[in-house]
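Right, here's the structure in full:
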């Protein structure tokens, strides 16, 4: 929480104002939780580092549904599959809205995207368009060659490092891979990885991701928006927006240029500009709508797949028996096929590897606290009142480590659990919801899964890895860096060794 001391001091100045306001709402039987302080609520009790673990600890004390307060807003956290199903399926419509977030509002052109939009007729139209066109199975397959080409480039770089016994930064390699894939899919642009345009793109991307992960005082404390100004957060938000808007407008202008040489495969922004020209929706679809939709595709697409593969490789280094089993399956299959590169079609024939992907997303879901929802009308969950306007988080990390659902050792990295029972991440198995569920489920689920499988499988096929500088598995830092997606706080660096025979 940025500038917490400044915030508390300033909030104290308006303490009397809030204390003497007459209650305007009825009393509710809220879920249990820690006792709040006047005005600021539970602000000082929260932890920025590892929030999913922090809330899981509260869940052990207060139960699978708990509440707390920050300023004027009531917050609820759900940490069980049973209650996640109640929220995401049974009462899905009533929890389909999004809570206030100044950064989301500003950076997404007034919430004109598919993820952060309020639950409006426009949202339903734009999501339907996304599911039928941008993220359909056919559209995802159209870009298969892009993902495979970029994965080959990544393997070539690791090969060169292996020749020299050099350390490779798996985190950096995966971010480069996802950035390159997303630029080609979204914009039809193929940047030089070390060129100025790619550096500019990455700077813009990180700025936007940073704003989306910030906490704004004005969202929780009425009349205290000046704190965002004093802390510099408002200026930072506007600066990031200007950089992002300038870049995307340039892409839009290029797309509209009649002299432009179109990419071999129609990019996502080409499709969106066609929609802009045709205006098929009841709501007006402006250039700002195009920018908002393409922006969130880029932001989500670059972050999540990279984080997932890094977490997977991290756990494989800590569980060498799982690594050997996964390598053996991939290498045996590819030896029979006579190929040294795993394609997306090959993945379908690798059951243990597919279980490994699921286990990676289970043990460290890259969005550990699903994007929060807002309650539209007063309701009840588990006998507790949930007032309209309440912000509700599902702790997907806690749900995926619940002993009730996953047995006595949920913290163990064991892909076999997905061979022992049929569980998938498509939103109907509520003990495993890395992409969410219901009306707000991630529309890019298929694309996200495709982007992580090919590089992940080819790392296992072509290389053995060891930790650098005499490190042991227990020495690996497992701290997280919070943001839009959950990354390791320290990059994963490994020493690759070529595998000549499978």
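Residue numbers (my numbering): 120 to 621. Where a beta carbon is used, it is the ideal one built from N, C-alpha and C, also for glycine.
| Query | Result |
| --- | --- |
| Using 8 Å as the cut-off, can you tell me whether the segment 420–437 makes contact with the segment 389–399, which would need three or more C-beta pairs spanning the two stretches below that distance? | no |
| Provide the residue span of the alpha helix (DSSP H) that contains residue 615, from first to last. | Element bounds for residue 615: not the alpha helix (DSSP H) but the beta strand (DSSP E), 612–617. |
| Between which two residues does the alpha helix (DSSP H) holding residue 387 run? | 387–397 |
| Which residue's Cα is closest to the Cα of residue 485: 561, 454 and 445? | 561 |
| Please go through the same chain and pick out, in chain order, the residues whose beta-carbon is closer than 6 Å to the beta-carbon of residue 596, but skip the five residues on each side of it. | 609 |
| Please tell me whether residue 466 and residue 572 are closer than 7 Å, where the distance is taken between their beta carbons. | yes |
| Tell me the DSSP bridge mates of residue 600? | 606 |
| Specify the secondary structure class of residue 277 as computed by DSSP and reduced to three states. | helix |
| When the Cα atoms are used, what is the spatial distance from residue 302 to residue 386? | 9 Å |
| Starting from residue 434, trace the alpha helix (DSSP H) in both directions and tell me its first and last residue. | 406–437 |
| Take residue 576 and list the residues in its own chain whose beta-carbon comes closer than 8 Å to its own, dropping the five residues that flank it on each side. | 449, 461, 465, 466, 469 and 472 |
| Give the range of the beta strand (DSSP E) segment to which residue 189 is assigned. | 184–189 |
| Closest to residue 359 by CA distance: which of 578, 329 and 349 is it? | 329 |
| Assign residue 157 to buried or exposed, taking buried as 16 or more other Cβ atoms, counted over all protein chains shown, within 10 Å of its Cβ. | exposed |
| With distance defined between alpha-carbon atoms, name the residue in 530, 168, 159 and 184 nearest to residue 514. | 184 |
| Could you tell me the alpha carbon to alpha carbon distance between residue 353 and residue 347, rounded to whole angstroms? | 6 Å |
| Tell me whether the beta-carbon of residue 409 lies closer than 7 Å to the beta-carbon of residue 391. | yes |
| Rank 543, 175 and 154 by C-alpha distance to the C-alpha of residue 522 and give the top, closest one. | 175 |
| If residue 611 and residue 290 are in contact, beta carbons under 8 Å, what's the gap, nearest whole angstrom? | 5 Å |
| With a threshold of 8 Å on Cβ separation, who are the neighbours of residue 283 within its own chain once the five nearest residues in sequence on each side are excluded? | none |
| Would you mind reading off the limits of the beta strand (DSSP E) that contains residue 504? | 503–505 |
| For residue 425, collect the residues of the same chain with a Cβ closer than 6 Å to its Cβ; drop the 5 residues on either side in sequence, then sort them by chain order. | 293, 294 and 297 |
| On the premise that residue 552 lies in contact with residue 203, defined as a C-beta separation below 8 Å, what is that separation, rounded to the nearest angstrom? | 6 Å |
| Find out if the Cβ-Cβ distance for the pair residue 356, residue 222 is shorter than 7 Å. | yes |
| On the DSSP bridge assignment, give the partners of residue 465 in chain order. | Answer by DSSP bridge pairing: none, since residue 465 is not bridged. |
| When the Cα atoms are used, what is the spatial distance from residue 238 to residue 266? | 33 Å |
| Using the Cα positions of residue 257 and residue 447, report the straight-line distance between them to the nearest angstrom. | 32 Å |
| Decide if residue 527 is buried, meaning its Cβ has at least 16 other Cβ atoms within 10 Å, or exposed. | exposed |
| Taking the alpha-carbon positions, what's the residue 160 to residue 152 distance? | 11 Å |
| Using the rule of at least 16 other Cβ atoms within 10 Å of the residue's Cβ for burial, across every protein chain shown, is residue 605 buried or exposed? | buried |
| Which parts of the segment 245–314 are runs of the beta strand (DSSP E), unbroken and 3 residues or longer, counting only runs that do not cross its ends? | none |
| Would you mind stating whether residue 498 and residue 213 have Cβ atoms separated by less than 7 Å? | yes |
| How long is the line joining the alpha carbons of residue 541 and residue 438, rounded to whole angstroms? | 23 Å |
| Tell me whether residue 166 is buried or exposed, calling it buried when 16 or more other Cβ atoms sit within 10 Å of its Cβ. | exposed |
| So, at 7 Å on beta carbons, what are the nonlocal neighbours of residue 308 in its own chain, with the 5 sequence-adjacent residues on each side left out? | 302 |
| Would you kindly work out how many angstroms separate the C-alpha atoms of residue 455 and residue 274, rounded to a whole number? | 21 Å |
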